[in-house]
Amino acid sequence: METTNTFDPRRFVTRVGGADYLEVKWRVYWLRTQHPDAVIATEMISHENNVAVFKAHVSIPGGGSSTGWGSEGYDDFRDYLEKAETKALGRALAALGFGTQFTPDFDFAEGQEKVVDAPVRMARQRQLVDLTDERRVHTAERQSMTDRQMSFIRQMAREKGLSEQAIDAQVSELYGKRFDQLDRRDASSYIERLKSIEPLAQAS
């Protein structure tokens with residue numbers, strides 16, 4: 307069902323790399339304003355080696371549909387899953403005309419600056435938009451953990467009664483990587499977690 311509500315995208319356009327850009331959250335709002343019955347569906351197609359690929363499908367009853375794809379990796383963003391989903395959704399919306407003129411996704415000129423929105427978290431009914439802060443991981447934060455961090459973690463783990471296997475299992479569950487693959491930021495986070503663990507009782 308199409309409504310008579312109007313949405314002026316020019317009010318929400320930002321300048322990115324010298325060009326006009328309409329964030330995905332406003333494209334979703336634009337869609338919901340004109341087509342409250344529109345259906346939005348996203349699906350993670352693959353997730354390997356810390357790289358995620360999402361597909362988004364947007365359909366307007368009686369008004370067509372489109373599919374968009376997006377991929378992002380951990381090396382660029384800690385919240386790469388959400389950003390890949392948002393990128394796919396933005397492209398699907400742009401293909402339907404919601405923000406096409408305000409996105410570089412369909413401009414294949416060389417040297418085009420990479421633009422990635424803060425994640426758009428779709429509600430269960432796919433009708434509400436909840437934006438999280440954009441948290442780009444700086445290069446320094448992605449550097450490998452220092453030898454000092456590694457030694458400190460191993461020493462603390464021994465004091466807590468954790469074996470090397472236990473460390474690897476915890477790190478894999480928490481960060482999706484091996485212990486020796488931790489970056490400085492994750493190592494600091496894991497150190498804080500270890501500090502909260504009670505040490506084994508001394509044998510009598």
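Whatever position you read off the sequence shown (first residue = 1), add 306 for the numbering used here.
In this text, a Cβ means the ideal position worked out from N, Cα and C, and glycines have one as well.
Being a predicted model, the structure only gives us computed values, none of them experimental.
Of the residues the options, the one placed nearest residue i, counting alpha carbons only
i       : options                            : result
Ala-390 : Ser-371, Gly-405, Asn-356          : Asn-356
Ser-502 : Ala-463, Phe-485, Gln-487, Arg-333 : Ala-463
Thr-373 : Ala-362, Gln-449, Tyr-380          : Ala-362
Ala-358 : Lys-331, Asp-382, Thr-312          : Asp-382
Tyr-386 : His-353, Ser-494, Phe-458, Arg-317 : His-353
Ala-347 : Val-364, Met-451, Trp-332          : Val-364
Asp-474 : Arg-484, Gly-467, Glu-465          : Arg-484
Gly-467 : Glu-504, Pro-367, Pro-342, Lys-331 : Glu-504
Rounded straight-line distance, which links the Cα of residue j to that of residue i
i       : j       : result
Ala-415 : Arg-499 : The pLDDT assigned to Ala-415 is 42, lower than 50, so where the model puts this residue is not dependable; a value taken from the coordinates is nonetheless given after this. If I take the Cα positions, the gap works out to 46 Å.
Glu-388 : Val-345 : 19 Å
Arg-454 : Ser-495 : 14 Å
Leu-480 : Leu-328 : 34 Å
Ser-478 : Gln-471 : 11 Å
Leu-437 : Arg-333 : Because Leu-437 carries a pLDDT of 34, less than 50, the predicted location of this residue cannot be relied on, and the following value inherits that uncertainty. Those two C-alpha atoms are separated by around 13 Å.
Arg-384 : Ser-371 : 31 Å
Asp-492 : Val-330 : 29 Å
Arg-460 : Gly-482 : 19 Å
Glu-349 : Phe-458 : 40 Å
Asp-326 : Glu-378 : 22 Å
Ile-497 : Ser-469 : 15 Å
Asp-320 : Gly-396 : The sequence shown places Thr at residue 320, not Asp. Approximately 15 Å between the Cα atoms of the pair.
Thr-392 : Glu-465 : 43 Å
Met-451 : Gln-476 : 17 Å
Gly-405 : Met-456 : 47 Å
Asp-343 : Ala-398 : 16 Å
Arg-338 : Tyr-380 : 31 Å
Beta-bridge pairing of residue i - partner residues as DSSP gives them
i       : result
Ser-377 : Val-359
Met-350 : Phe-360
Asp-489 : Ser-450
Arg-321 : Asp-326
Ser-365 : Val-345, Ser-371
Phe-313 : The partner list for Phe-313 (beta bridge, DSSP) is empty, contrary to what the question assumes.
Rounded Cβ spacing between residue i and residue j (contact assumed at less than 8 Å)
i       : j       : result
Gly-400 : Phe-360 : Inspection of the sequence shows that residue 400 is occupied by Ala rather than by Gly. In fact, because the Cβ distance is near 15 Å, the residues do not count as touching under 8 Å.
Asp-486 : Gln-449 : Between Gln-449 and Asp-486 the Cβ distance is about 14 Å, and since that is not below 8 Å, they are no contact.
Phe-313 : Gln-340 : 7 Å
Contact check, residue i vs residue j, beta carbons under 9 Å
i       : j       : result
Leu-402 : Gly-376 : no
Trp-336 : Pro-315 : yes
Residue-chain proximity (residue i, chain C), Cβ-Cβ < 9 Å
i       : result
Arg-338 : You won't find chain C in this structure, because it holds only one protein chain.
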